[in-house]
Amino acid sequence: MKYGIHIDPPWIFTISGAKYADRWELVIRDNGHGFEEDRIRQLKEQFEITDPSVKIPSLRINGMGLLNIYTRLTLLFGNRFAMNIGNHPEGGALITIVVSNNEPGGRASR
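Start counting the sequence shown at 199; every next residue gets the next number (this note's numbering).
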């Protein structure tokens with residue numbers, strides 16, 4: 199939510215889900231300014247080096263929310279899970295969580 203409340207109200211957060219034959223998806227979107235490109239890069243780098251099966255990352259205020267969610271879902275779903283972070287073409291932050299029904303050969307693109 200913190201990325202979507204830096205604008206004047208109304209603050210709009212949309213969470214939608216869909217189930218397909220091979221996966222399910224959650225899409226979270228807001229109407230804020232979206233992520234700065236540098237923040238997207240930092241988050242993706244943190245996700246790449248995070249291996250909760252070896253060590254739970256140290257979490258701190260201002261940056262722990264998405265890493266905490268990523269860590270928990272990785273522990274729960276392993277290689278079946280992918281989390282994509284970006285900005286919606288019409289504005290606002292966009293996060294997509296995908297969980298495959300089948301164990302893939304490798305983790306999907308984040």
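Even glycine gets a Cβ: it sits at the ideal position worked out from N, Cα and C.
Taking the straight line between their C-alpha atoms, what separation do you get for residue i and residue j?
i	j	result
Ile226	Ala280	14 Å
Arg270	Asn285	23 Å
Val297	Ile213	16 Å
Phe245	Leu292	16 Å
Asp249	Asp236	22 Å
Thr294	Ile205	22 Å
For a test of the three-state rule: what should DSSP assign to residue i, helix, strand or coil?
i	result
Phe279	strand
Asp236	helix
Gly263	helix
Ile295	strand
Thr329	Since the first residue shown for the chain is 199 and the last is 308, residue 329 is missing from the structure and cannot be characterised.
Glu288	coil
Leu241	helix
Ile205	coil
Ile210	coil
With a threshold of 7 Å on Cβ separation, who are the neighbours of residue i within its own chain once the five nearest residues in sequence on each side are excluded?
i	result
Pro287	none
Ile238	Ile283, Gly284
For residue i and residue j, which I take to be in contact (beta-carbon distance under 8 Å), what is that distance rounded to the nearest angstrom?
i	j	result
Leu241	Leu273	Between Leu273 and Leu241 the Cβ distance is about 18 Å, and since that is not below 8 Å, they are no contact.
Phe233	Ile283	7 Å
Near residue i, what residues of its chain come up, given a Cβ to Cβ distance below 8 Å and the 5 sequence neighbours on each side ignored?
i	result
Asn299	Ala219, Asp220, Arg221, Trp222, Arg278
Give every residue of the same chain whose Cβ lies closer than 6 Å to the Cβ of residue i, excluding the five residues on either side of it in the sequence, and list them in chain order.
i	result
Asn229	Ile210, Gly290
Ala216	Glu223
Taking CB distances under 9 Å as the criterion, tell me whether residue i reaches chain B.
i	result
Gly290	Considering every chain present, this structure includes no chain B. It has just one protein chain.
*Does the segment 205-212 come close enough to the segment 269-280 that 3 or more CB-CB pairs lie under 8 Å?*
Segments in contact, no.
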